[in-house]
Amino acid sequence: MAVLAPSILSADFSKLADQVKLIEEGGAAFVHMDIMDGHFVPNITFGGPVVKSLAGKTSLPFDVHLMIEHPEQRLADFVTDQTEYIVVHQEACEHLDRVIHQIKELGCKAGVALNPATPVSTLECILGEVDLVLVMSVNPGFGGQKFIPYTTLKVCELDEIRNDEELDFLIEVDGGVTLANAEMLVESGADILVAGSAVFGAEDVAARCREFNEIIR
Ligand code: DX5
Ligand code: ZN
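Numbering (my numbering) for the sequence shown: 13 to 229.
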């Protein structure tokens, strides 16, 4: 069983609050927010003011995915009463242990993301400290890209480690998730599926969330 976290990166930014209401109506579990700085990834999206403006506009918790350099300098920008997860990239953190604990001190759950080419073994020492591992299944930076198949192996590997070591982090998959690969990802061990274009590209956004939920729940 897994839950859906639609990424508002593919939503209509001119009416974000309405778009978020649609995914709530469709049974989404989180609002996934992609924060990009034009340095860590070659694209710029939005920052703390937009995240804060959505607080109170939905009852869904926020899943904030930071694709930025020096995330440790900006963590507080993304804390709201609804921010459940703050996820930083392994590749962007020189002092990952420190950043994970900074997130927890701010009262949020801490996640770490891996780019497609970054092996799971880089997290060996920290897996007992994190609440979530986000497996990027496209190269971060843009919505609407094609799923990279080998990343599924990393989901399986994380699931195996979690079972063997009796850990309790969640596994999130982000990028190129569609109705066609959702079931396979859940069977591989994913707990949270992020979908941007596959949700907000649909004519009926709420109905598309329900379609996902029928497959993954
Ligand atoms: C990519 C982002 C993803 C992206 C997913 O850098 O982290 O969350 O918006 O979009 P789709 O589902 O369209 O691949
Ligand atoms: Zn994301």
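Even for Gly, the Cβ is constructed at its ideal location relative to N, Cα and C. Everything numeric in this text was worked out from a predicted model, so none of it was measured.
Taking the alpha helix (DSSP H) that residue i falls in, what are its first and last residues?
| i | result |
| --- | --- |
| Met196 | 194-200 |
| Leu34 | 28-37 |
| Pro61 | 60-66 |
In three-state terms, what does DSSP make of residue i?
| i | result |
| --- | --- |
| Ile160 | coil |
| Phe74 | strand |
| Gly123 | strand |
| Val167 | helix |
| Leu16 | strand |
| Leu179 | coil |
| Leu21 | helix |
| Ala207 | strand |
Beta strand (DSSP E) containing residue i: first to last residue?
| i | result |
| --- | --- |
| Ile228 | Note, Ile228: premise wrong, no beta strand (DSSP E); alpha helix (DSSP H) at 217-228. |
| Cys44 | The identity of residue 44 in the sequence shown is His, whereas the question assumes Cys. Taken as a continuous stretch (DSSP letters only), the beta strand (DSSP E) holding His44 covers 43-48. |
| Asp186 | 182-186 |
How would you call residue i, buried or exposed, if buried means at least 16 neighbouring beta carbons within 10 angstroms?
| i | result |
| --- | --- |
| Ala214 | buried |
| Ala23 | buried |
| Pro161 | exposed |
| His113 | exposed |
| Glu136 | exposed |
| His44 | buried |
| Ile56 | exposed |
| Asn175 | exposed |
| Gly123 | buried |
| Ser19 | buried |
| Gly50 | exposed |
| Gly119 | exposed |
| Gly155 | buried |
| Asp30 | exposed |
| Leu48 | The sequence shown places Met at residue 48, not Leu. Buried. |
| Gly68 | exposed |
| Phe90 | buried |
| Asp203 | buried |
| Arg220 | buried |
| Phe42 | buried |
| Ser149 | buried |
When you measure from the CB of residue i to every non-hydrogen atom of ligand 4, does any distance come out below 7 Å?
| i | result |
| --- | --- |
| Ser149 | Absence of ligand 4 is noted for the structure shown, with ligand 1 and ligand 2 being the only ligands found. |
(request) Could you tell me whether the segment 67-77 touches the segment 104-115, using the rule of 3 or more Cβ pairs below 8 Å? (result) no
(request) Could you tell me whether the segment 75-93 touches the segment 105-124, where touching means 3 or more Cβ pairs closer than 8 Å? (result) yes
(request) Go through the segment 75-148 residue by residue and report every complete run of the alpha helix (DSSP H) that reaches 4 residues or more, in order. (result) Listed in chain order, the complete alpha helix (DSSP H) runs (minimum 4 residues) inside the segment 75-148 are 108-117.
(request) Inspect the CB distances between the segment 127-134 and the segment 162-170 and report whether three or more fall short of 8 Å. (result) yes
(message) Is it the case that the segment 139-147 contacts the segment 171-184, given that we only count it when at least three CB pairs across the two stretches are under 8 Å?
(response) yes
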